[in-house]
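Colleague: What follows is a structure written as structure tokens; I'll ask about it next.
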Amino acid sequence: MKTVKVVAAIIRSGNKIFATQRGYGEFKDGWEFPGGKIEEGETPEEALIREIREELDTVISVGEEIACIEYDYPTFHLSMKCFWAEVVSGDLILKEHEAEKWLTKEELDDVAWLPADLELIERIKRVLGATR
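Quick note: the sequence shown uses the UniProt record's numbering, first residue 1, plus one each step.
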């Protein structure tokens with residue numbers, strides 16, 4: 001099975017997390033954390049900065065790695081490095097997604113997350129719960 005290596009940004013502002021809804025492809029309409037594929041020669045952090053700039057016209061700072069999610073979809077294996085991130089500049093303009101939401105800890109279960117992203121939700125809730 002083919003392995004796809006990607007990165008995801010858990011963009012945080014205060015007690016809220018930024019989520020996006022896919023606007024295309026096999027997983028259209030599913031909710032995810034923004035990010036994308038790691039290109040040849042890039043570190044995960046460099047890939048994440050590039051992807052957020054391309055997809056959301058925003059510059060982020062990449063923080064601590066939260067997890068590396070390994071998930072088997074029917075046609076490929078996903079290896080997703082997930083990092084805390086904060087907006088440095090820009091307005092999170094959707095270029096590829098069809099919707100976005102800022103979600104509190106209590107609202108994280110209100111959207112239909114893609115399966116790999118769903119694995120992060122409990123970890124994020126624990127961190128948000130600890131920062132009150």
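Backbone N, C-alpha and C define an ideal beta-carbon position, used for all residues, glycine too.
In angstroms, rounded to a whole number, what distance separates the CA positions of residue 59 and residue 26?
Modeller: Residue mapping note: residue 59 aligns to position 59 of the sequence shown, counting from 1. Residue mapping note: residue 26 aligns to position 26 of the sequence shown, counting from 1. So the two alpha carbons sit approximately 28 Å from each other.
Colleague: Taking the alpha carbon of residue 34 as the point to measure from, which residue in 22, 44, 45 and 28 has its own alpha carbon closest?
Modeller: Taking the sequence shown and counting its residues from 1, one reaches residue 34 at position 34. The candidate whose alpha carbon is nearest that of residue 34 is 22.
Colleague: Taking 8 Å as the cut-off, decide whether the C-beta atoms of residue 93 and residue 10 are in contact.
Modeller: Translated into positions along the sequence shown, residue 93 becomes position 93. Translated into positions along the sequence shown, residue 10 becomes position 10. No.
Colleague: Using 8 Å for Cβ pairs, my map puts residue 2 next to residue 77. What's the rounded Cβ distance?
Modeller: Stepping through the sequence shown from its first residue, residue 2 is reached at position 2. Stepping through the sequence shown from its first residue, residue 77 is reached at position 77. Their Cβ separation, rounded to whole angstroms, is 7 Å, which keeps residue 2 and residue 77 in contact under 8 Å.
Colleague: What's the gap between the Cα of residue 62 and the Cα of residue 74?
Modeller: To locate residue 62, count along the sequence shown from 1; it is residue 62. To locate residue 74, count along the sequence shown from 1; it is residue 74. Roughly 30 Å separates the two Cα atoms.
Colleague: With distances taken from CA atoms, which of 4, 13 and 7 is nearest residue 105?
Modeller: Here residue 105 corresponds to residue number 105 of the sequence shown, with the count starting at 1. Nearest of 4, 13 and 7 to residue 105, Cα basis: 13.
Colleague: Using a Cβ-Cβ cut-off of 8 Å (strictly less than) and excluding sequence neighbours within five positions of residue 16, which residues of its own chain qualify?
Modeller: Reading the sequence shown from its first residue, position 16 is the one you call residue 16. Once the five neighbours on either side are set aside, the close Cβ partners of residue 16 are 102, 103 and 104.
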